[in-house]
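Single-structure report; data block below.
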Amino acid sequence: MADDKTRDKASTLLRLHQAPELLTVVNVWDVISAKVVAAVDGTTALATASHSIAAAYGYEDGEQIPVDLMLEAAGRIAASTDLPVTADLEGGYGDPAETVRRAIGLGIVGANIEDQMRPLAEAAGNVEKIMKAAEQEGVDFVLNARTDAFVKGRDRDQAEVLADAVERGKAFLDAGAPVVFVPAKLDEGQVSTLVEAYGPQRLTMIGIPGIPSLARLQELGVARVSYGPMPQNVALTALQELVEDVHRGGGVPSTMRILN
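Read in my numbering, the sequence shown has 670 at position 27, and its numbers run on one by one without any break.
Here it is in structure tokens:
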């Protein structure tokens, strides 16, 4: 059974998703990135990025990192902050419900779990098992049930892909997930269709170039926007630019902040 602190964080994270204000979470991958993001005014929750954590340990994305190592990294992040933390746990590493149960024990109060376009009954069954495990732990766990309809459907008719995302997301909501994650460069029409199908404050998205503005997504009823591995790439870009400038005879930029 989760402790009081974890239960309170879970309830807070759920309220943040249900509020009409759009929740934005800039993803982190270790304790120092978590502390830097958490220190910025307006940050109300943290989200880990599985791709970024795997890369930091030298693993490719796609459940190549051992589950114990992923959970250790996420748990260290959760222990470093008073903010609620939701973790990207890929497809659940072979046992989604048990992986979520272990995550809750480490203070994690939400998670992305990919459907990986498994048969819908199986994918919805996993959602149900996860939510049952969370209920047994006594937390209002924010399962961000991810459908890979667009990720795996790039070469298909996009109207059919959208229909799949609607069907699968509704099934996940019916199975108990509070929100559904549809990672893709969605246009305003697609966003509107998904919000209408799921209900307001049920759709979560990834903040990539080309999607509607954050203000417009809030107007449309989107619950949350996260940024996946892109924050790590922003940080790595700054590091590489420093190296390039050093090779040109320059050095540390005057805009640098002492953050650790």
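Even glycine gets a Cβ: it sits at the ideal position worked out from N, Cα and C.
Predicted, not measured: the structure shown is a model, and the values here were computed from it.
- Scanning its chain for C-beta atoms nearer than 6 Å, with the 5 sequence neighbours on each side dropped, one finds around G850 the residues V868 and Y870, in chain order.
- Nearest in C-alpha terms to E839, of all of L666, V809 and A688, is V809.
- I756: member of the beta strand (DSSP E) spanning G753 to E757, first to last residue.
- From the listed residues E664, K648 and I756, the smallest Cα separation to L860 is found for E664.
- Unbroken alpha helix (DSSP H) runs of no fewer than 4 residues, entirely contained in the stretch 657 to 742, are found at 674 to 681, 693 to 699 and 710 to 722, following chain order.
- The criterion of a C-beta distance shorter than 8 Å is not satisfied by V770 and S723.
- For M873, the enclosing alpha helix (DSSP H) starts and ends at M873 to H890.
- Apart from sequence neighbours up to five positions away, the residues of its chain that approach R789 with a beta-carbon distance below 6 Å are N755, E757 and F824, ordered along the chain.
- In this structure, the beta-carbon distance from A716 to L732 does not fall below 8 Å.
- Distance from the CA atom of R799 to the CA atom of Q833, rounded to whole angstroms, is 15 Å.
- When DSSP states are grouped into helix, strand and coil, A866 belongs to the coil group.
- As the crow flies, the alpha-carbon of R658 is around 10 Å from that of L666.
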